[in-house]
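Start counting the sequence shown at 227; every next residue gets the next number (my numbering). The beta-carbon is built from N, C-alpha and C at its ideal position, and this holds for glycine as well.
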Amino acid sequence: MSAATPSQTAGPYWHLIDFPEWADLLREDGPNAGLAGERILLTGRVTDGDGAPCPDVMVELWQAGPDGEYGGAFHGFGRCATDAEGRFRFVTLRPGPVRGRGNAVQAPHVTLSLFARGLLRQLVTRLYFAGEPLNETDPVLSAAEPERRATLIAQPAGGGEWRLDIRLQGEGETVFLEV
């Protein structure tokens, strides 16, 4: 029997495999230890259509480094399980603007993927930063309906913390991307 591929691991019986240290991209024993950049904390809460917390979600983070590059010195992958209240928390460096297709500049952002019981495929969304001037011209953010863009924009919560709550369905549903 061959090894399972990532698309086969959730199967019909979801079991969250969590490595809590992966939520801290700046941990001392990690690949980003000692890298320069603006240290930030990304937090949020995942809720269902009724507003109830989702306690068994795995949130994956993918991001560019402070220089806006993927695959450079910065290792931009993290993973975090939600707690009993549906909360997630990542420690990372604020990403820089990213060059997109045709050299269009994308606003600094973080891509979040959600895996959970009942989802046959992961849900993918983005986290943008409130007050970022490049948000106005970001091609992905601009493609979202204007009245729903706020579901993608993290708000400052003080002390370097940025908060984005994620609603899986219903009123105030987060914008999810087809990838």
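Check whether residue i and residue j have beta carbons under 8 angstroms apart
i, j, result
"Thr318", "Leu252", "yes"
"Leu353", "Leu390", "yes"
"Leu378", "Leu394", "no"
"Arg313", "Arg271", "yes"
"Ala380", "Phe355", "yes"
"Arg315", "Ala259", "no"
"Phe402", "Thr351", "yes"
"Gly302", "Tyr296", "yes"
"Pro281", "Asp309", "yes"
"Leu340", "Ile392", "yes"
"Trp388", "Leu268", "yes"
"Gly275", "Gly396", "yes"
Neighbour-count burial assignment, residue i, 16 or more Cβ in a 10 Å radius
i, result
"Val283", "buried"
"Pro334", "buried"
"Tyr386", "Here residue 386 is Gly; the residue named in the question, Tyr, does not match the sequence. Exposed, because fewer than 16 other Cβ atoms sit within 10 Å of the Cβ of Gly386."
"Ala342", "buried"
"Arg325", "exposed"
"Asn329", "exposed"
"Arg327", "exposed"
"Ala278", "exposed"
"Val285", "buried"
"Ala369", "exposed"
"Gly398", "exposed"
"Pro232", "Unreliable positioning characterises Pro232 in this predicted model, as indicated by a pLDDT of 47, which lies under 50. The coordinate reading is nonetheless provided below. Label assigned to Pro232: exposed."
Three-way DSSP call (helix, strand, coil) for residue i in this model
i, result
"Val317", "strand"
"Pro359", "helix"
"Thr400", "coil"
"Glu373", "helix"
"Val405", "coil"
"Leu367", "helix"
"Leu378", "helix"
"Arg352", "strand"
"Gln395", "coil"
"Gly385", "coil"
"Leu338", "strand"
Task: Cβ contact (3+ pairs, closer than 8 angstroms) linking the region 292–300 and the region 313–328 - done: They touch, by the three-pair rule.
Task: At least three beta-carbon pairs within less than 8 angstroms, the region 243–250 to the region 356–376 - done: no
Open item on the list: I'd like the ranges of any beta strand (DSSP E) spanning at least 3 consecutive residues and lying wholly in the region 242–329.
Closed with: 265–273, 284–289, 303–307, 313–319
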